[in-house]
Amino acid sequence: MINLSSNARQILKARYLRNTDVTETPTDLFERVARHIASVENENKDLWFDRFYKVMRNLEFLPNSPTLMNAGLPNGQLSACFVLPVEDNLNAIFTTLKNAALIHHNGGGTGYNFSKIRPKDDFISSSEGSSAGPVSFMKIYDTATEYVKQAGKRRGANMGILNINHSDIEEFISSKSDFKSLQNFNISVGITNDFMYALENDIDWQLVNPRTNKVSKTLSAKKLWDSIIEQALKTGDPGLIFLDTINQNNPLNKLGEIQSTNPCGEVPLFNYESCNLGSINLKKMVVQNSTNIEIDWKKLERTITTAIRILDNVISCNYFVLSQIQEITLANRKIGLGVMGWAELLIMLEIPYASNKAVELAETVMKFIHEKSYNASQLLAKKRGCFPSWKQSSFAPHMLLRNATCNSIAPTGSISIIADTSYAIEPLYALAYKRTGILENTTQMEINATFVDKMKSLGLWSEQLRSEIIEKGSIQHVKNIPTHLKNLFKTSLEISWKYHLLHQRAFQRYTDNAVSKTINLPNTTTFEEVSEIYKTAWKYKLKGITIYRNGSRNNQILQLCGYN
Ligand code: ADP
């Protein structure tokens, strides 16, 4: 029997286990996935099956949800991340909508940059009418997403980007302010360095109609920036994506510019490109010696090597709904290995998240993962050949690689529940919370198990503590808890945004794709603070930034006890 939490069993049953003549067990599921991924090995299939199976069933590494759901099925799409082009004509706009529906239906999420679309009320020569504009087309995409459920299980997800110099950028910035529109979209403004310089120097900024390349409006950069900050504070949207930072770090920049990321921002991709992800559960990468707990670097290295092989194999046994996706994905062979359970690892090592020691360790761990991922991809290149577009990449001629990218920090929204650990690189959201929506219409009260274990081991666990945690979701106000434990168990909203950003920067430094992170903020956060966060994100060379002010939307998945 696999050691799974009750939440993990519930989510597996509701969404992942195949339900045909006989219902799969979790063991069957991991066997199905491992068997399919090992099927592309030329030699020693059984040995590889065994290795792949063990890292998954031990919850040391999990591939992204579509791989778990669809591996081994006829036409099983295994990737989570796609970017599709949006051109300025009706035919192309609706072709992409159809393609997005196919991708969503098979479990993937799609990102698009809408900046090529002519603005609202612009001239249309063929009908002599006026155009709907990018935001209206996004609303059509949003409605389609609402109705295309993924095999009846979950709705698709989208990223919508509009560049900061598009004529309709002001409408885009406030497009989610009614809390009703574009609910199946994350939206981000595509920011350029030029704009940030205009902002820093408080000069005017020009909006341009992409059809005519003519300036449609001139306004102060600061005014535009302030409208972004105001909306982000109010609704959490828009986030930013930093296009120049992305393209300066694009190993395939000879092939063109990247204009978009996948829905949660961790993978910048070319049009039609797809990427499959997987995450190592850092909580499982520790060893207990006589006095304390340490990172088991050997085990981590072994797991990375196996994970990179799994992700590379996934490309080879993947099903692609479109020939264009197949072509570019097989040419670049991008994969994204990341982590989950970072906060729980820090707790086990007794290092507070909000500390320089934690930030330094983040760099050390991610540097290690990056180096070992590249070593593994290099070894695969020697056996299997470099990715086909390698000669045009910045790695040629010296560094052989099987994959144009190797690392991404995905949010691990579902797989961290299966692995029973904390999300990606996020701090614990709360020590106790009501979780709604793992399965629709359910609400559950949960207390973090790592916290309970620690308190029990120190003889500090009691019924009274339990009630106080349930009431407050935090231990900061509980009497008789030593300061070092209060620091160790600070939750997301008790951690200054500065440390949230420092962790994102530490991981981004050694992540060739991008880092998905939400900077969770207390309800009292000010306009000036959000402005500083967004500016700091650019200065830190992050590829994107997303904030969320507690309580600013009413459909949060996790509700903090004591905060709402
Ligand atoms: P998981 O834990 O389910 O593997 P993540 O939360 O790590 O997935 O998200 C990784 C990526 O998977 C996202 O950036 C997005 O591209 C895609 N994704 C996540 N949720 C959905 C969804 N409901 N529909 C479509 N794609 C999704």
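Residues 1465 to 2028 in our numbering are what the sequence shown spells out, letter by letter.
Every residue, glycine too, gets a C-beta built ideally from N, C-alpha and C.
Because the structure is a prediction, the values reported are computed rather than measured.
Whole-angstrom C-beta distance between residue j and residue i, which should lie under 8 Å
i, j, result
"Ile1889", "Lys1981", "6 Å"
"Tyr1974", "Glu1827", "7 Å"
"Phe1649", "Gly1624", "5 Å"
"Leu1929", "Phe1915", "About 10 Å; that fails the 8 Å criterion."
"Gly1700", "Ser1956", "In fact, because the Cβ distance is near 14 Å, the residues do not count as touching under 8 Å."
"Ser1641", "Lys1698", "6 Å"
"Pro1875", "Cys1728", "5 Å"
"Lys1748", "Asn1522", "7 Å"
"Phe1513", "Val1519", "About 12 Å; that fails the 8 Å criterion."
"Ser1837", "Arg1866", "Ser1837 to Arg1866, Cβ: 11 Å. No contact."
"Glu1730", "Ile1873", "6 Å"
"Ser1724", "Asn1577", "4 Å"
"Asn1622", "Gly1575", "7 Å"
Delimiting residues of the beta strand (DSSP E) encompassing residue i
i, result
"Val1731", "Looking at the DSSP string, Val1731 is not in any beta strand (DSSP E), and its letter there is neither H nor E."
"Met1804", "Ile1799 to Met1804"
"Ser1652", "Phe1649 to Ile1655"
"Gln1752", "Val1750 to Gln1752"
"Arg2013", "Gly2008 to Arg2013"
"Leu1865", "Here Leu1865 belongs to no beta strand (DSSP E), and DSSP marks it neither H nor E."
"Asn1977", "No beta strand (DSSP E) contains Asn1977, which DSSP labels as neither H nor E."
"Ile1744", "Ser1738 to Asn1745"
"Phe1717", "Per the sequence shown, residue 1717 should be read as Asn rather than Phe. Where Asn1717 is concerned, there is no enclosing beta strand (DSSP E), given that its DSSP letter is neither H nor E."
Run of the alpha helix (DSSP H) containing residue i, from where it starts to where it stops
i, result
"Trp1669", "Counting along the chain, Trp1669 falls outside any alpha helix (DSSP H), though it belongs to the beta strand (DSSP E) covering Asp1668 to Asn1673."
"Glu1827", "Asn1820 to Arg1848"
"Asn1796", "Ser1787 to Asn1796"
"Ile1879", "Ile1879 to Ile1882"
"Glu1814", "Premise fails: Glu1814 is in no alpha helix (DSSP H) and is neither H nor E."
"Ser1680", "Taken as a continuous stretch (DSSP letters only), Ser1680 belongs to no alpha helix (DSSP H), being part of the beta strand (DSSP E) at Lys1678 to Ser1684."
"Ser1780", "Trp1761 to Ser1780"
"Thr1709", "Leu1707 to Gln1712"
"Asn1987", "No alpha helix (DSSP H) contains Asn1987, which DSSP labels as neither H nor E."
"Thr1609", "Pro1598 to Tyr1611"
"Leu1949", "Thr1947 to Leu1952"
"Ile1873", "Segment: none, Ile1873 is in no alpha helix (DSSP H) and carries neither H nor E."
"Asn1627", "Asn1627 -> not in any alpha helix (DSSP H); beta strand (DSSP E) instead, spanning Asn1622 to Asn1627."
Distance cut-off 7 Å: residue i Cβ against heavy atoms of the ligand ADP
i, result
"Leu1741", "yes"
"Gly1805", "no"
"Thr1876", "yes"
"Cys1781", "no"
"Ala2032", "Given a span of 1465 to 2028 for the chain in the structure shown, any question on residue 2032 remains unanswerable."
"Ile1879", "yes"
"Pro1727", "yes"
"Ser1956", "no"
"Asn1984", "no"
"Gly1573", "yes"
"Arg1675", "no"
"Ser1886", "no"
"Ser1738", "no"
"Leu1771", "In the sequence on display, residue 1771 carries Ala and not Leu. Checking every heavy atom of the ligand ADP against the Cβ of Ala1771, none is found closer than 7 Å."
"Ser1529", "yes"
"Arg1618", "yes"
"His1568", "yes"
"Ala1621", "yes"
"Glu1694", "no"
"Glu1730", "yes"
"Gln1614", "yes"
CA nearest to the CA of residue i, picked from the options
i, options, result
"Ile1567", "Asn1555, Gly1620, Tyr1576 and Glu1551", "Gly1620"
"Val1979", "Ile1710, Asp1485 and Lys1748", "Ile1710"
"Asn1944", "Glu1958, Met1919 and Leu1966", "Met1919"
"Lys1768", "Met1465, Lys1562, Ser1921 and Arg1515", "Per the sequence shown, residue 1768 should be read as Ile rather than Lys. Of the candidates Met1465, Lys1562, Ser1921 and Arg1515, the one whose C-alpha sits nearest the C-alpha of Ile1768 is Arg1515."
"Leu1663", "Lys1678, Ile1651, Ala1615 and Ser1684", "Ser1684"
"Ile1882", "Asp1668, Ala1472 and Leu1716", "Ala1472"
"Glu1910", "Pro1891, Ile1933 and Glu1993", "Ile1933"
"Ser1551", "Ile1581, Pro1527, Arg1866 and Ser1841", "Note that residue 1551 is Glu in the sequence shown, not Ser. Out of Ile1581, Pro1527, Arg1866 and Ser1841, Ile1581 has the C-alpha closest to the C-alpha of Glu1551."
"Gly1654", "Phe1832, Gly1703 and Thr1531", "Gly1703"
"Thr1869", "Gly1802, Lys2005 and Glu1791", "Gly1802"
"Lys1847", "Thr1489, Cys1781 and Asn1506", "Asn1506"
"Gly1593", "Pro1583, Leu1537 and Leu1843", "Pro1583"
"Tyr1887", "Pro1549, Asn1745, Ser1470 and Leu1949", "Asn1745"
- Task: Jot down the residue ranges of each uninterrupted beta strand (DSSP E) in the stretch 1484-1564, minimum 3 residues, whole runs only, in chain order.
- Result: Fully enclosed beta strand (DSSP E) runs of 3 or longer: 1525-1527 and 1545-1547.
- Kindly provide the ranges of any beta strand (DSSP E) runs that are 3 or more residues long and lie completely inside the stretch 1912-1944, ordered along the chain. If only complete runs of 3 or more residues are kept, the stretch 1912-1944 shows no beta strand (DSSP E) anywhere.
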